[in-house]
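Residue numbers (UniProt numbering), protein chains in the order written: chain R, 1 to 199; chain E, 1 to 199; chain H, 1 to 199; chain X, 1 to 199.
Cβ atoms here follow ideal geometry from the backbone N, Cα and C, with glycine treated the same way.
There are 4 protein chains.
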Amino acid sequence: MSPDTTRRSDRSRRAVLAAARDLVVEVGYPRLSIEAVARHAGVGKQTIYRWWPSKGAVVLDAVRALSEDETGGITLPDTGDLEADLKTVLRATAVEFGDPALSALLRGLYAEIAVDPELAMLYREQVDRPVTEAKLARLRAGQRAGQLHPEADLALCLDLLYAPFVQRWLLRTGPLDAAFADALVEATLRAFAPVGDVE
Amino acid sequence: MSPDTTRRSDRSRRAVLAAARDLVVEVGYPRLSIEAVARHAGVGKQTIYRWWPSKGAVVLDAVRALSEDETGGITLPDTGDLEADLKTVLRATAVEFGDPALSALLRGLYAEIAVDPELAMLYREQVDRPVTEAKLARLRAGQRAGQLHPEADLALCLDLLYAPFVQRWLLRTGPLDAAFADALVEATLRAFAPVGDVE
Amino acid sequence: MSPDTTRRSDRSRRAVLAAARDLVVEVGYPRLSIEAVARHAGVGKQTIYRWWPSKGAVVLDAVRALSEDETGGITLPDTGDLEADLKTVLRATAVEFGDPALSALLRGLYAEIAVDPELAMLYREQVDRPVTEAKLARLRAGQRAGQLHPEADLALCLDLLYAPFVQRWLLRTGPLDAAFADALVEATLRAFAPVGDVE
Amino acid sequence: MSPDTTRRSDRSRRAVLAAARDLVVEVGYPRLSIEAVARHAGVGKQTIYRWWPSKGAVVLDAVRALSEDETGGITLPDTGDLEADLKTVLRATAVEFGDPALSALLRGLYAEIAVDPELAMLYREQVDRPVTEAKLARLRAGQRAGQLHPEADLALCLDLLYAPFVQRWLLRTGPLDAAFADALVEATLRAFAPVGDVE
DNA sequence: GTGTAATCGAGACGGTACGTCAAGTCTTGTT
DNA sequence: AACAAGACTTGACGTACCGTCTCGATTACAC
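Here is the structure:
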């Protein structure tokens, strides 16, 4: 599709991402080396350097590859009940983060992002934005349905919902369980409840 | 005081932390090497390896050293107005995070913590807990003063207040300005407002 | 020619041996470090470790390189007068051992050989054997010419000729001069004189 | 006895030499470290540095200690038959060199001597000279008894006898057996035979 | 079909840093 | 004063990777 991938070997690309994924899980992100990825993938080092600018970029790609099958746009469930839907989604996310492969990859990615502004930009645009759009869409629908304050700052609302979740996972300050997910949803919805909507 | 530090050279300890601080700012955390820290500190590498288990531990100590002078316990302002006090604190924190030295050190620390559970534990116990205690104390005072719901989960309340703040800083998803600080405080306080307290 | 040297950089090889030679002369064998050789040769340490198993092996190679230009086989002079020829050779060897570069290299080599059986084997096969063969050939010619006892043990004869010489040089028990060389030759030839050949 | 050993702890001295001997045998001379000697001997590093100038000096002392019990002067057997006596002595020396402890110590010592002129001097004076004197005395007795040429250079004679022997041991060019010892003695005595004494 | 040029695997290269070991000096308290 | 203990600076060890650079050997498009 894009012109700079004309002659690119898809076999090598997949092998590199798979090797990166496996090795991150096996030895951890800091001990992941381009050298080892090339070895495991049966690929020349130059092939990696040709297509990815850094170790972090490889891992970011590996993260994207994990959810590559979802060809269509991401959509959140919409049963009409915003609170229930958000709890469903947050609980599902908690389960996802329990996957050692995804978890190890994401930890490595966050470590690099914290420290590499370039990669942070790529992350925001390629990983974060699509899902954030989907989440915002669901919130907007809820807002239209009168389940959120009409002037609620939906971006801020998303921050309240997800940032504590990610932080708890990243710093391991507590378990990512359903109770936490539910409490987060409830508190956030209270903060952006429509007028007079307090029990 | 403690027996295992009997013969430790305080001169070397300070020099290492200062060198680590300076070098993180200068070249960034990933390019910070124990070798360079030793060189800049005029210290043998072995002295660093003798007293710190890893590069991350040195940086954690350097972060602690930045606030070492505050000998007394940490206390948050308490003017009686919880909202105003929280805004003051959050705005001040935003300013602090603008300091290149602190910012670079913390980014490095977060990068390592994301990926090193041992260091994460040290961080929680030595850096996070003291300030979290102080924040909780202020919230508890506000709760007693009727400015928070009597059954509010204060830990969750802190998460809503700070996690979005830290996440925005870490991922550079937006500016850390007074407007954001104020919006965070207001949303969080709405989520944990005392009964019937909606204007 | 040999398959394991296909991609080897000859430029690096020469630079390493030259640096080793120069540094041994400059600082002495015990203070010769692989690190310094690499630095002086403008070569990565790994390149040295890739092609030589130890410091001693580098020095052995440097010794070989000193006489590398002599492409042809080694041959001792044969004027028909064995005694005169041996004196010529031994005197010449004494002069050679006066060369600081050769002397320093050989001292280092002997020091390592004394203590490393592997290197000792390499030395015997790659350095000692060729010249020993040449010396034996000359003795054999003398024997055929009736200048040595027909049943003389020529290997032992060589030992008597050269071992005292090397020992005096190694332990510095005396000067390596023409008088000593001549005395050695005369005594040895007396020991292996043909029958009835006593003045 | 000597003034500079007034306060010297003999217990420490013995412990150091014993530790050096044991460690040389165990790990080989090049991997022998002052640090390990001190540890094994239960002695402070400073104590070693106070009394010995170098690792080589410690080993030289350890070699001397191995033959310390022989309080009296060294004397070679004198049965009246020089050839038989020399064969006895050389065969005995061959056996001695088979002792792993002595052999390992001597190899280390020779390695250092090859490269350290200071130590070489100490070796010549403290180890070599006494035994060389004894050997010379026996040769002189043989010379007086008419078993050697009256004008034989006895020092050279000793060189022919011992240097090939030491060289074979040092370079491992062959076994140190009785046959070699006998052959050496016979060849050397032929070289310095009294006039007309050829069978 | 057959060049031909980019990509591929492999891996040597000059480097930097790793974490460890030991050297030799210095300090502290004990005998 | 000499001792055991051990922290200190220094420097080298041998290893792992970095990112660049040749090497042939595919390989896939243009002719």
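A distance below 8 Å between beta-carbons, with the five flanking residues on each side excluded, links residue 170 of chain X to the following residues of its chain, in chain order: 107, 110. Runs of the alpha helix (DSSP H) lying entirely within the segment 46-131 of chain R and spanning at least 4 residues, in chain order: 55-66, 82-96, 100-113, 117-122. Residue 173 of chain X reaches chain H at 124, counting residues in chain order whose Cβ is nearer than 7 Å. Scanning its chain for C-beta atoms nearer than 6 Å, with the 5 sequence neighbours on each side dropped, one finds around residue 158 of chain E the residues 135, in chain order.
Using a Cβ-Cβ cut-off of 9 Å, residue 93 of chain R does not count as an interface residue toward chain E, since no Cβ of chain E sits closer than that to its own. Residue-level contact by beta carbon fails for residue 97 of chain E and chain R, as no gap is shorter than 9 Å. Apart from sequence neighbours up to five positions away, the residues of its chain that approach residue 130 of chain X with a beta-carbon distance below 7 Å are 74, ordered along the chain. DSSP places residue 147 of chain E outside any alpha helix (DSSP H), giving it a letter other than H or E. With a contact defined as Cβ atoms closer than 8 Å, residue 137 of chain E and residue 143 of chain E miss out at about 11 Å.
Its Cα nearest to that of residue 181 of chain E, the residue R:160 stands out among R:145, R:160, R:90, R:104. According to the DSSP assignment, residue 35 of chain R belongs to the alpha helix (DSSP H) that extends over 34-41. Contact of residue 112 of chain R with chain E is assigned, a C-beta pair being separated by under 9 Å. Closer than 9 Å to the CB of residue 191 of chain E there is at least one CB belonging to chain R. In this structure the segment 99-106 of chain E touches the segment 13-33 of chain E; the number of beta carbon pairs closer than 8 Å is three or more.
Of all residues in the segment 175-189 of chain H, the ones placed with a Cβ closer than 7 Å to any Cβ belonging to chain X are 183, 187, 188, in chain order.
For a Cβ distance threshold of 9 Å, nothing in chain X lies close to residue 77 of chain H: the least Cβ distance comes to about 23 Å. Residue 153 of chain R sits in coil when the DSSP states are folded into three classes, being neither helix nor strand. With 16 or more other Cβ atoms from the protein chains shown falling within 10 Å of its own Cβ, residue 112 of chain E counts as buried. Each residue's CA atom was taken as its position, placing residue 105 of chain R and residue 17 of chain R some 11 Å apart. The three-state secondary structure of residue 176 of chain E, taken from DSSP, is coil.
Closest in alpha carbon position to residue 42 of chain H, among H:29, H:52, H:12, H:77, is H:12.
DSSP places residue 12 of chain H in the helix class (H, G or I) of the three-state scheme. With fewer than 16 other CB atoms across the displayed protein chains lying within 10 angstroms of its CB, residue 79 of chain X is exposed.
The three-state secondary structure of residue 163 of chain X, taken from DSSP, is helix.
Across the segment 156-167 of chain H, CB contacts with chain X closer than 7 Å involve 156, 159, 160, 163, 164, 166, 167, in sequence order along the chain. Under the three-state reduction of DSSP, residue 6 of chain H is assigned to coil, being neither helix nor strand.
Here residue 193 of chain E carries a coil assignment [DSSP, helix/strand/coil]. For the UniProt domain "HTH tetR-type" (10-70) of chain R, the beta-carbon criterion of a distance under 9 Å to any beta-carbon of chain E is satisfied by 28, 29, 30. For residue 170 of chain X, the nearest beta carbon of chain H is closer than 9 Å to its own beta carbon.
Taking a 10 Å sphere around the C-beta of residue 117 of chain H, we find fewer than 16 other C-beta atoms and assign the residue as exposed. Against chain E, a Cβ distance below 7 Å from residue 108 of chain R picks out 115.
Each of R:14, R:148, R:29, R:7 was checked against the Cα of residue 66 of chain R, and the nearest Cα belongs to R:14. Beyond the five residues adjoining it in sequence on each side, residue 149 of chain R comes within less than 7 Å, by CB distance, of 192, 193, 194, 195 in the same chain, given in chain order.
Chain E places no beta carbon closer than 9 Å to that of residue 134 of chain R, leaving this residue out of the contacts.
Burial state of residue 168 of chain R is buried, judged by a 10 Å Cβ sphere holding 16 or more other Cβ atoms.
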